[in-house]
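Below is one structure, written out as structure tokens, with a few remarks after it.
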Amino acid sequence: MHVNVRQIDNFQSANYSVPLDMSCERDCDWTEPEIWNTGVASSVMLVQVYYRYPSILQVPFAANELADGRRLLSAATIFRNEPF
């Protein structure tokens, strides 16, 4: 599992990139370090989570299949911290 929590300037400045070399064929490592920055009051936060898991079913033309046969599950959300 790979988790990134970071502060961004505003909602429009969010960029979403996969921290994995998609051409890797075996035992791929994450290409970016994990980030854990909780921000300050009223800051805009971007949370990204990635998980690689083995696939039991072989589905042709699966967009989330990695070269090593595993699948990549990802989720992201953007929110503003409370003004504490």
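Heads up, the sequence shown is in this note's numbering, so the first residue is 936 and it goes up one at a time. Idealized CB from N, CA, C, for every residue including glycine. Quick caveat, the model's predicted, so the values are computed rather than measured.
From the options, residue whose alpha carbon lies closest to that of residue i
i: residue 971; options: 1011, 991, 982, 990; result: 982
i: residue 1003; options: 956, 968, 1015; result: 956
i: residue 937; options: 946, 952, 965; result: 965
Three-state secondary structure (DSSP) of residue i
i: residue 1014; result: strand
i: residue 1009; result: strand
Residue i classed as buried or exposed, judged by whether at least 16 other C-beta atoms fall within 10 angstroms
i: residue 1001; result: buried
Distance, residue j Cα to residue i Cα
i: residue 1018; j: residue 944; result: 16 Å
i: residue 984; j: residue 1008; result: 8 Å
i: residue 1013; j: residue 976; result: 15 Å
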